[in-house]
Amino acid sequence: MDSTSAEEYVATGVSEFPIARVKRIIKADPEVNNCSNEAVFLISKATELFVKKFSASGYNYSQADKRKTLAYKDLANIPVNEDVFEFLSDILPKTQPTSKASNNTTEETEPSANMKDSELLPSDPSVPTEIKAST
1 MDSTSAEEYV ATGVSEFPIA RVKRIIKADP EVNNCSNEAV FLISKATELF VKKFSASGYN
61 YSQADKRKTL AYKDLANIPV NEDVFEFLSD ILPKTQPTSK ASNNTTEETE PSANMKDSEL
121 LPSDPSVPTE IKAST
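Going by UniProt numbering, the sequence shown opens with residue 1, and the numbers climb by one from there.
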């Protein structure tokens, strides 16, 4: 084994993500009091490897459809077809046709052209619904 002990080991290498920003994101968690620089580097490197593997897998699906552009549907297929990414199935829903999606929603997502402005504004009485012209 090397003469360097575990306490003297310093993580060297480069991460694609800015270490300071990763550290700020980690410290935003109220449960985390302190995080060593080595741990921040490892989290950054693990995130980088995850993103590379996930995007490469999505790109493989786009190539299977004979496309060069990565689309949402390619990424949405990953948790369904690959067990490694199954934990993402709840937060990365599979795409569905627009007609089917509109039947699943209870309210319209896009305002129709014939709706009045008062129907688009919130029903809060403190919010004025009409603008009076000043003359």
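Beta carbons: idealized from backbone N, C-alpha and C, even for Gly.
Is the beta carbon of residue i sitting closer than 8 Å to the one on residue j?
i     : j     : result
Lys94 : Ala76 : yes
Phe87 : Phe54 : no
Phe41 : Ile26 : no
Glu16 : Glu48 : yes
Can you have a look at residue i and say buried or exposed, based on whether 16 or more other CB atoms are within 10 angstroms of its CB?
i     : result
Ile78 : buried
Tyr61 : buried
Gly13 : exposed
Please determine, among the options, the residue with the shortest C-alpha to C-alpha distance to residue i.
i     : options                    : result
Ser44 : Ile91, Val80, Leu70, Lys23 : Lys23
Arg21 : Asn37, Arg67, Lys66        : Asn37
Asp74 : Gly58, Lys66, Gln96        : Gly58
If you scan the region 33-95 from start to end, which runs of the alpha helix (DSSP H) of 4 or more residues do you find wholly inside it?
-> 37-64, 72-81
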